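Worksheet: one structure, shown below.
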Amino acid sequence: ETGVTQTPRHLVMGMTNKKSLKCEQHLGHNAMYWYKQSAKKPLELMFVYSLEERVENNSVPSRFSPECPNSSHLFLHLHTLQPEDSALYLCASKGRVAGRETQYFGPGTRLLVL
Amino acid sequence: DQQVKQNSPSLSVQEGRISILNCDYTNSMFDYFLWYKKYPAEGPTFLISISSIKDKNEDGRFTVFLNKSAKHLSLHIVPSQPGDSAVYFCAASAGSNDYKLSFGAGTTVTVRA
Numbered sequence: 014e015t016g017v018t019q020t021p022r023h024l025v026m027g028m029t030n031k032k033s034l035k036c037e038q039h040l041g042h043n044a045m046y047w048y049k050q051s052a053k054k055p056l057e058l059m060f061v062y063s064l065e066e067r068v069e070n071n072s073v074p075s076r077f078s079p080e081c082p083n084s085s086h087l088f089l090h091l092h093t094l095q096p097e098d099s100a101l102y103l104c105a106s107k108g109r110v111a112g113r114e115t116q117y118f119g120p121g122t123r124l125l126v127l
Numbered sequence: 022d023q024q025v026k027q028n029s030p031s032l033s034v035q036e037g038r039i040s041i042l043n044c045d046y047t048n049s050m051f052d053y054f055l056w057y058k059k060y061p062a063e064g065p066t067f068l069i070s071i072s073s074i075k076d077k078n079e080d081g082r083f084t085v086f087l088n089k090s091a092k093h094l095s096l097h098i099v100p101s102q103p104g105d106s107a108v109y110f111c112a113a114s115a116g117s118n119d120y121k122l123s124f125g126a127g128t129t130v131t132v133r134a
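Dropping the structure here:
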């Protein structure tokens with residue numbers, strides 16, 4: 014348990030659906046991240062929010078829309094996704110461990126697009 | 022362009038023996054390196070890190086070695102235990118406070134009893 018929670022844990026959606034992924038942390042961290050992990054591939058950074066401002070948008074298609082209403086919550090809004098978007102979506106927040114910055118990950122949302 | 026590479030997708034080791042995981046990087050600006058461990062149905066958890074001013078960092082059974090000239094780091098787990106069976110990710114950043122981490126694809130470690 015890292016203190017970062019994600020809901021839902023599993024999601025199946027059609028290509029015409031709209032859904033949202035939610036991430037929550039109450040660790041006092043002020044930077045939050047969305048990553049995509051496809052099978053056998055490195056984690057791909059999608060978005061970074063620092064102090065509720067988006068500081069990174071890693072060439073992500075517009076069918077993924079992030080929202081950070083406050084420093085504790087992060088959303089990823091999904092619409093008209095493609096089957097190749099099926100993956101594990103991980104949220105993380107940044108904090109200090111033993112004096113060094115590191116990222117704390119949530120358990121992820123396993124997404125299947127049909 | 023993948024800047025952090027873990028060329029061994031899997032590793033099988035007997036309980037009690039040493040596990041050695043390797044990681045190579047291409048970006049010479051990287052100066053902070055981390056290892057994460059991931060169990061199925063969980064997110065990655067921080068395991069150990071090393072700054073480029075060091076060539077070794079040890080934490081219990083886990084030791085990370087850094088060879089800057091070769092742009093190579095390794096994670097040693099000794100002795101390996103069944104609970105160490107997981108996917109291990111290598112990550113790197115340019116600056117210990119930089120917000121952006123580059124990850125490798127992971128190595129799946131299986132510890133046999």
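Protein chains in written order, with the numbering used here: chain A, 14 to 127; chain B, 22 to 134. Using N, Cα and C, we set each Cβ at its ideal position, and we do this for glycine too. Bear in mind that the values here come from a model prediction, so they are computed numbers and not experimental data.
Task: For P30 (chain B), the three-state DSSP class (helix, strand or coil) - done: coil
- [ ] Measure the alpha-carbon distance for K32 (chain A) versus H90 (chain A) and round it to whole angstroms.
- [x] So the two alpha carbons sit approximately 6 Å from each other.
TODO: Could you name each continuous beta strand (DSSP E) segment of 3 residues or more that falls completely within the stretch 51 to 103 of chain B, going from the start of the chain to the end?
DONE: 53 to 59, 66 to 72, 77 to 80, 83 to 88 and 93 to 98
- [ ] Note down the Cα distance separating Q38 (chain A) from Q50 (chain A), rounded to an integer number of angstroms.
- [x] Answer to the nearest angstrom: the Cα atoms are 20 Å apart.
Open item on the list: Give me the DSSP bridge partner(s) of K31 (chain A).
Closed with: A:H92
Task: Contact set between S63 (chain A) and chain B, taken where Cβ atoms lie within less than 8 Å - done: Y120
Open item on the list: In whole angstroms, give me the CA-to-CA distance for F51 (chain B) and C111 (chain B).
Closed with: 12 Å
Task: Status (buried if at least 16 other CB within 10 Å, exposed otherwise) for M28 (chain A) - done: exposed
Open item on the list: DSSP has D141 (chain B) in a bridge; who is on the other side?
Closed with: Chain B is shown from 22 up to 134; residue 141 (chain B) falls before or after that span and cannot be answered.
- [ ] Within its chain, find whatever has a CB closer than 8 Å to the CB of R109 (chain A); leave out the 5 residues flanking it on each side and keep chain order.
- [x] T115
Open item on the list: Can you check whether the C-beta of A100 (chain A) is within less than 8 Å of a C-beta belonging to chain E?
Closed with: Structure shown: chain E not included; protein chains present are A and B.
TODO: Closer than 8 Å by C-beta to R67 (chain A): which residues in its own chain qualify, once you throw out the five before and the five after it? Chain order, please.
DONE: Correct list, in chain order: F60, V61, P79 and C81.
Open item on the list: Along the chain, where does the beta strand (DSSP E) containing I41 (chain B) start, and where does it finish?
Closed with: S40 to Y46
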